[in-house]
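K.L.:
Number of protein chains: 2
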Amino acid sequence: MVPADHSQVAKKNYLLASLPDKEFERILTHLSPVSFDLGKVLYESGDRLDYVYFPTTTIISLLYIMENGATAEIGVVGNDGILGIALFMGGDTTPNRAVIQSAGSAMKMKAADLKAEFTLGGVFHNLLLRYTQALITQISQTAVCNRLHSLEQQLCRWLLLSHDRLDSDKLVMTHDLISNMLGVRREGVTLAAQKLGTRGLIKNVRGTITVLDRQGLENAVCECYSVVNAEYNRLLGRGISRTFA
Amino acid sequence: MVPADHSQVAKKNYLLASLPDKEFERILTHLSPVSFDLGKVLYESGDRLDYVYFPTTTIISLLYIMENGATAEIGVVGNDGILGIALFMGGDTTPNRAVIQSAGSAMKMKAADLKAEFTLGGVFHNLLLRYTQALITQISQTAVCNRLHSLEQQLCRWLLLSHDRLDSDKLVMTHDLISNMLGVRREGVTLAAQKLGTRGLIKNVRGTITVLDRQGLENAVCECYSVVNAEYNRLLGRGISRTFA
DNA sequence: CCCCCTGTGTGCGTTTTCGCACACACAAAC
DNA sequence: GTTTGTGTGTGCGAAAACGCACACAGGGGG
């Protein structure tokens, strides 16, 4: 039996929320809530996936770890999506680490249950594939942005991606953490964050960045951000961006 | 009726070649050969996809074009895969341009036929999804490589990716073309190519780069290359790399 | 045969980011 | 209230790429 409040919690995840009632009810019976602390590693590179996760309030970062220990984020999953696409794509695993970037909750689902639901075809199957395409666009734009844009622009993009997936304007994250995500030096992040602070867009205080002027950030960000949002909007029927929501 | 030689030509594409006989024969009836010149644009960003393509000897580049005209490659498709995954992923289109990076041939298939085959589920459906996951890994490593590695390493990676997808050691491409793919200056490519030439790995002559020492290139390349190859190998049952083949 | 076009080589100064070294600063713990 | 740690500010020189300018070179077409 599913506790009544699970339904409300689960609907915080846009993917689940966009399911027709019938499918939603069925999927719901396979879901159970979990919560995670900052830094928790959900999948290690190459791990077999026992569960997939539909974030409700947490944000998960997909990272690649180089042999020399350097890291770079390739994408981010929040209440817009699902962690564990490799399972239904047929690979069972990926060469990436999945780590909690912002503490919070998710609904988890057993790998076997997800595979069974996916195999049924239909709405859920198609929704997962469309989400995967949106994620591909996000990863693609990360590649482009890494190549062509300044650290400051990338920081804006990253802050907006996080802000979109949170209820609060307070992002609990150190410059050091962000530098690992962006694959740059910590000092570089500090410098860029200072510039944004001077312009009144954000406030930097030990361990948290507060978004003060969301519109200002959107003006400062590169086109990569809106390209990704437009695709989420087009493919999943609603934008994840707070602006477009 | 399908000409007899179509079958042999089609099998140059690894994806088609790995289909069981029954599926292969059925798919084959939907395929017809085409050939393309260098620079031909198959899809423009946002275009509706009328056909998908299974390259046999051509190589296709997936590019993002910035508003200011700057370009960067996000992935490459050759005889290892299929161009047009957005079709079965449910998006019908992507924000990228697909352009011929190396002249040659492909088998084309009508969008509607592909969708119908995909919807049947089964082997073809699963194969396309596994290929898509391999492509995701390729795009992911492009993002990582763009962030963390030197131009010279990236050039090595790019040359190997091309070499893997060609029969010849002669890559017909100018430094300028490569610079557009890598999203860097033409001069930067010239400089990096000179260094590789000095080390005897390649030979640079007006408009073509000849691979002289494949093993040497593999020693010079970053880990990104082997990560992608390992995934292709794992997901699709054989490596695309000439080394692993 | 010479011209012209495209592709390549080279040389600047400039900008961005890096790598390292440290000083400072806040907050919880003792 | 002092200590201890973690997070942030700052200042170099070095390295990698950039933007621009232009010289040269090969090869096909007039």
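Residue numbers (the numbering used here), protein chains in the order written: chain D, 1 to 245; chain V, 1001 to 1245. Glycine included, every Cβ here is placed at the ideal spot set by N, Cα and C.
Going along chain D in order, which residues have a C-beta closer than 7 Å to the C-beta of residue 1095 of chain V?
P.N.:
If you number the second sequence from 1, residue 1095 of chain V lands on position 95. Neighbours of residue 1095 of chain V on chain D, chain order: 137, 227 and 231.
K.L.:
Starting from residue 1195 of chain V, follow the alpha helix (DSSP H) in both directions and report where the run begins and ends.
P.N.:
Here residue 1195 of chain V is taken as the residue at index 195 of the second sequence, counted from 1. Element bounds for residue 1195 of chain V: 1186-1198.
K.L.:
Anything in chain D within Cβ reach of residue 1219 of chain V, meaning under 9 Å, just list it in chain order.
P.N.:
Residue numbering aside, residue 1219 of chain V sits at position 219 when the second sequence is read from its first letter. Here the premise fails: no neighbours, minimum Cβ distance about 15 Å.
K.L.:
Secondary structure at residue 170 of chain D, three-state DSSP: helix, strand or coil?
P.N.:
The residue given as residue 170 of chain D occupies position 170 in the first sequence. Three-state result, residue 170 of chain D: strand.
K.L.:
Residue 62 of chain D bridges to which residues according to DSSP?
P.N.:
Residue mapping note: residue 62 of chain D aligns to position 62 of the first sequence, counting from 1. Note: residue 62 of chain D sits in a beta bridge opposite D/75 and D/98.
K.L.:
From the DSSP output, in three-state form, read off residue 1034 of chain V for me.
P.N.:
Translated into the one-based positions of the second sequence, residue 1034 of chain V becomes position 34. Note: residue 1034 of chain V maps to strand in three-state DSSP.
K.L.:
Consult DSSP for residue 1245 of chain V and reduce its assignment to one of helix, strand or coil.
P.N.:
Along the second sequence, read from residue 1 onward, the residue named residue 1245 of chain V stands at position 245. Unreliable placement is indicated for residue 1245 of chain V, whose pLDDT of 49 sits below 50; no coordinate value is reported for it.
K.L.:
For the beta strand (DSSP E) containing residue 1105 of chain V, name the first residue and the last one.
P.N.:
Looking up residue 1105 of chain V in the second sequence gives position 105. Unbroken beta strand (DSSP E) run through residue 1105 of chain V: 1104-1110.
K.L.:
May I have the straight-line CA-CA distance separating residue 1246 of chain V from residue 1179 of chain V, to the nearest angstrom?
P.N.:
There is no way to answer for residue 1246 of chain V, as the model of chain V reaches only from 1001 to 1245.
K.L.:
Does residue 74 of chain D come within less than 7 Å of chain V when only Cβ atoms are used?
P.N.:
Stepping through the first sequence from its first residue, residue 74 of chain D is reached at position 74. So yes, residue 74 of chain D belongs to the interface.
K.L.:
Secondary structure at residue 1247 of chain V, three-state DSSP: helix, strand or coil?
P.N.:
This structure does not reach residue 1247 of chain V, given that chain V is present from 1001 up to 1245, and the question cannot be answered.
K.L.:
Excluding the 5 residues preceding and the 5 following residue 59 of chain D in the sequence, name in chain order all residues of the same chain whose CB lies nearer than 8 Å to its CB.
P.N.:
Stepping through the first sequence from its first residue, residue 59 of chain D is reached at position 59. Only 76, 77, 78, 100, 101, 102, 104, 162, 165 and 166 meet the Cβ criterion.
K.L.:
Going along chain D in order, which residues have a C-beta closer than 7 Å to the C-beta of residue 1089 of chain V?
P.N.:
Working through the second sequence from its first residue, we reach residue 1089 of chain V at position 89. What residue 1089 of chain V touches in chain D: 129, 130, 132 and 133.
K.L.:
Using beta-carbon positions only, say whether residue 85 of chain D and residue 15 of chain D come within less than 7 Å of one another.
P.N.:
Looking up residue 85 of chain D in the first sequence gives position 85. Looking up residue 15 of chain D in the first sequence gives position 15. No, the pair does not count as a contact, with Cβ atoms beyond the cut-off.
K.L.:
Residue 1235 of chain V and residue 1138 of chain V: beta carbons closer than 7 Å?
P.N.:
By one-based count along the second sequence, residue 1235 of chain V stands at place 235. By one-based count along the second sequence, residue 1138 of chain V stands at place 138. Cβ distance not < 7 Å, so residue 1235 of chain V and residue 1138 of chain V don't count as in contact.
K.L.:
What are the residues in the stretch 1058-1070 of chain V lying within 7 Å of chain D by C-beta distance?
P.N.:
Going along the stretch 1058-1070 of chain V in chain order, one finds 1064, 1066, 1067 and 1070 with a Cβ nearer than 7 Å to chain D.
K.L.:
Here's the rule: buried if 16 or more other CB atoms are within 10 angstroms of the residue's CB, otherwise exposed. What is residue 44 of chain D?
P.N.:
On the first sequence, residue 44 of chain D is found 44 positions in, with the first residue counted as 1. Its Cβ having fewer than 16 others within 10 Å, residue 44 of chain D is exposed.
K.L.:
Between the Cα of residue 240 of chain D and those of D/12, D/190 and D/72, spot the shortest distance and give me the residue it belongs to.
P.N.:
In the first sequence, counting from the first residue as 1, residue 240 of chain D sits at position 240. Comparing Cα-Cα distances from residue 240 of chain D to each of D/12, D/190 and D/72, the minimum goes to D/12.
K.L.:
Does DSSP classify residue 115 of chain D as helix, strand or coil?
P.N.:
Position 115 of the first sequence holds residue 115 of chain D. Residue 115 of chain D falls in the helix class under three-state DSSP.
K.L.:
7 Å is my cut-off, CB to CB: does residue 1042 of chain V come that close to chain D?
P.N.:
Indexing the second sequence from 1 puts residue 1042 of chain V at position 42. No - not a single Cβ of chain D is within 7 Å of the one on residue 1042 of chain V.
K.L.:
Cα separation between residue 205 of chain D and residue 107 of chain D?
P.N.:
As a first step, residue 205 of chain D must be located in the first sequence, where it is residue number 205. As a first step, residue 107 of chain D must be located in the first sequence, where it is residue number 107. Whole-angstrom Cα-Cα distance: 31 Å.
K.L.:
Looking at chain V, which residues of the stretch 140-164 of chain D have a Cβ within less than 8 Å of any of its Cβ atoms?
P.N.:
Of all residues in the stretch 140-164 of chain D, 140, 141, 142, 143, 144, 146, 147 and 148 have a Cβ within less than 8 Å of some Cβ in chain V.
K.L.:
Quick one: what's residue 1083 of chain V bridged to in DSSP?
P.N.:
In the second sequence, counting from the first residue as 1, residue 1083 of chain V sits at position 83. DSSP output for residue 1083 of chain V lists V/1053 as bridge partner(s).
K.L.:
Do you know whose CA, among D/127, D/201 and D/35, lies nearest residue 17 of chain D's CA?
P.N.:
Here the question's residue 17 of chain D lines up with position 17 in the first sequence. Looking at the Cα atoms, D/127 is the closest of the given residues.
K.L.:
Report the rounded CA-to-CA distance for residue 1245 of chain V versus residue 1238 of chain V, giving the unit in angstroms.
P.N.:
Looking up residue 1245 of chain V in the second sequence gives position 245. Looking up residue 1238 of chain V in the second sequence gives position 238. Residue placement at residue 1245 of chain V cannot be trusted, given a pLDDT of 49 that sits under 50; the coordinates are not used to answer.
K.L.:
Please decide whether residue 1235 of chain V counts as near chain D, where near means a Cβ-Cβ distance under 7 Å.
P.N.:
The residue labelled residue 1235 of chain V in the question sits at position 235 within the second sequence. At least one chain D Cβ lies under 7 Å of residue 1235 of chain V.
K.L.:
When the Cα atoms are used, what is the spatial distance from residue 1038 of chain V to residue 225 of chain D?
P.N.:
Position 38 of the second sequence, counted from the start, is the residue given in the question as residue 1038 of chain V. Position 225 of the first sequence, counted from the start, is the residue given in the question as residue 225 of chain D. When rounded, the distance between both Cα atoms is 31 Å.
K.L.:
Here's a check: name, in chain order, each residue in its chain whose Cβ is nearer than 7 Å to the Cβ of residue 250 of chain D, leaving out the five neighbours to either side.
P.N.:
There is simply no residue 250 of chain D to check, as chain D begins at 1 and stops at 245 in what is shown.
K.L.:
Run through DSSP, which three-state label would residue 22 of chain D get?
P.N.:
Stepping through the first sequence from its first residue, residue 22 of chain D is reached at position 22. Helix, per DSSP.
K.L.:
Which whole-angstrom value describes the C-beta separation of residue 97 of chain D and residue 135 of chain D, a residue pair presumed to lie in contact below a C-beta threshold of 8 Å?
P.N.:
Position 97 of the first sequence, counted from the first residue, corresponds to residue 97 of chain D. Position 135 of the first sequence, counted from the first residue, corresponds to residue 135 of chain D. With a Cβ gap of about 16 Å, residue 97 of chain D and residue 135 of chain D do not count as contacting.
K.L.:
Starting from residue 86 of chain D, find everything on chain V with Cβ-Cβ shorter than 8 Å and list it in chain order.
P.N.:
One-based indexing of the first sequence puts residue 86 of chain D at position 86. The answer, in chain order, is 1133.
K.L.:
At the level of alpha carbons, what is the spacing between residue 92 of chain D and residue 42 of chain D?
P.N.:
Indexing the first sequence from 1 puts residue 92 of chain D at position 92. Indexing the first sequence from 1 puts residue 42 of chain D at position 42. Roughly 14 Å separates the two Cα atoms.
K.L.:
Would you report the Cα separation of residue 1203 of chain V and residue 1174 of chain V, rounded to the nearest angstrom?
P.N.:
Taking the first residue of the second sequence as position 1, residue 1203 of chain V is located at position 203. Taking the first residue of the second sequence as position 1, residue 1174 of chain V is located at position 174. Their backbone Cα atoms lie some 13 Å apart in a straight line.
K.L.:
State the Cα-Cα distance for the pair residue 1156 of chain V and residue 1067 of chain V, rounded to the nearest angstrom.
P.N.:
Here residue 1156 of chain V corresponds to residue number 156 of the second sequence, with the count starting at 1. Here residue 1067 of chain V corresponds to residue number 67 of the second sequence, with the count starting at 1. Distance between the alpha carbons of residue 1156 of chain V and residue 1067 of chain V: 28 Å.
K.L.:
Does residue 1212 of chain V come out as helix, strand or coil in the three-state DSSP assignment?
P.N.:
Indexing the second sequence from 1 puts residue 1212 of chain V at position 212. Residue 1212 of chain V: coil per DSSP, three-state reduction.
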